[in-house]
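Numbering (full-length UniProt numbering), first residue to last: 1 to 158. Please read the structure below before turning to the comments.
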Amino acid sequence: MENVLQPREIEGIVIRRLESGDFQKGIIELLSTLTKVGNLTEEIFCRTLSFMNSRPNEYYVIVFEDLATQKLVAHGTLLVEQKLLYEGGKCGHIEDVVVAKNCQGRGIGKQLVTFLVNLSRELGCYKVILDCKDEIKGFYEICGLEQRFVCMAKYHMK
Ligand SMILES: CC(C)(COP(=O)(O)OP(=O)(O)OC[C@H]1O[C@@H](n2cnc3c(N)ncnc32)[C@H](O)[C@@H]1OP(=O)(O)O)[C@@H](O)C(=O)NCCC(=O)NCCS
């Protein structure tokens, strides 16, 4: 399975797992395009990454890096949840999909979501799900997903 996650290059963009050096490669600016990141210091970043790296079969934090600028241009996570249902099956959750503002509209988002969906299948997940706003629904439909049920939430922090 690690084969799927060997860094690969497509037209000047490397697809790979998140690394500690990515703090200097624009991870905060990239994630800020999606939502509030807050004061994510390098220390918090490295501690969080180290936690994720200790669970490599659960956290697949994937980034796209532009080789020319050495900046991150896309980020998305596949979280693999172990279940009792489906005979101890696994459910994939796609989270935090974002493409840098100046790189949107070039097919990178579709490539990223397709990568995460394929990864979930190759890891044996019986389904992969995500939440999104209404205005993004069309994008995920183009990526081959369909609307099922509704999303419920209770925010403990604003
Ligand atoms: C949503 C987002 C990830 C799309 O990435 P992108 O690289 O711009 O999208 P792509 O260029 O790969 O688009 C693929 C297709 O989806 C379409 N598309 C893109 N955004 C869309 C949207 N909001 N609604 C409907 N269709 C959309 C494109 O027109 C393209 O269609 P085509 O294949 O027929 O030409 C990107 O705009 C983004 O990061 N937005 C801010 C963060 C965000 O909202 N993330 C989603 C969290 S759930």
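Backbone N, C-alpha and C fix where the C-beta goes; we use that ideal spot for every residue, glycine too. Quick caveat: nothing in here was measured; it's all calculated off a predicted structure.
Does at least one heavy atom of ligand 1 sit under 7 angstroms from the Cβ of residue i?
i	result
VAL150	no
ILE62	no
LYS71	no
LEU34	yes
GLN104	yes
VAL98	yes
ILE13	no
CYS132	yes
Following the continuous beta strand (DSSP E) through residue i, name the residue where it begins and the one where it ends.
i	result
LYS137	Unbroken run through LYS137 is the alpha helix (DSSP H), 137-142; no beta strand (DSSP E).
GLU95	90-99
By the three-class DSSP mapping on this structure, what secondary structure does residue i have?
i	result
GLU42	helix
GLU9	strand
GLU81	strand
LYS71	strand
ASP131	coil
PHE64	strand
CYS151	coil
ARG47	helix
GLY105	coil
CB residue i to CB residue j, shorter than 8 angstroms?
i	j	result
GLY76	VAL113	yes
SER20	LEU67	no
PHE149	ILE15	no
VAL99	ALA74	yes
VAL80	LYS71	no
LEU31	ARG17	no
Let me make sure I understand the geometry here. Which of the options has the alpha-carbon closest to that of residue i?
i	options	result
PHE139	GLU87, GLY107, VAL128, GLY124	GLY107
LEU84	CYS151, TYR126, ARG17, THR33	TYR126
Along the alpha helix (DSSP H) that carries residue i, what are the first and last residues, could you check?
i	result
GLU19	Note, GLU19: premise wrong, no alpha helix (DSSP H); not H, not E.
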